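Everything on this sheet refers to the single structure shown next.
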Amino acid sequence: MTSIVDGSVKIQVTSESNYSTPSWFGEVVLLIGYLRKHGVRSQDQ
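In terms of my numbering, the sequence shown has 10 at position 10, counting the first letter as 1, and numbering is strictly consecutive.
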């Protein structure tokens, strides 16, 4: 039997909570920067 497992991959497991940002967060940051750069603001401000 042939194995194609990469020996450099390490998986660590812990019982502690590990918070991470949502996958879409970077897109929101870029969108906000674009809107600020182009002067788009809400009517409330």
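All C-beta atoms in this analysis are idealised placements derived from N, C-alpha and C, irrespective of residue type, glycine included. It should be emphasised that the depicted structure is a prediction, and the values quoted were computed from it without experimental measurement.
Between the alpha carbons of V40 and T21 lies a distance of about 26 Å.
Per DSSP, V40 lies in no alpha helix (DSSP H) segment and is marked neither H nor E. Between the alpha carbons of L35 and G7 lies a distance of about 45 Å.
DSSP places G33 within a helical segment (H, G or I) once states are collapsed to three. In this structure, DSSP gives E16 a state outside helix and strand, which the three-state scheme calls coil.
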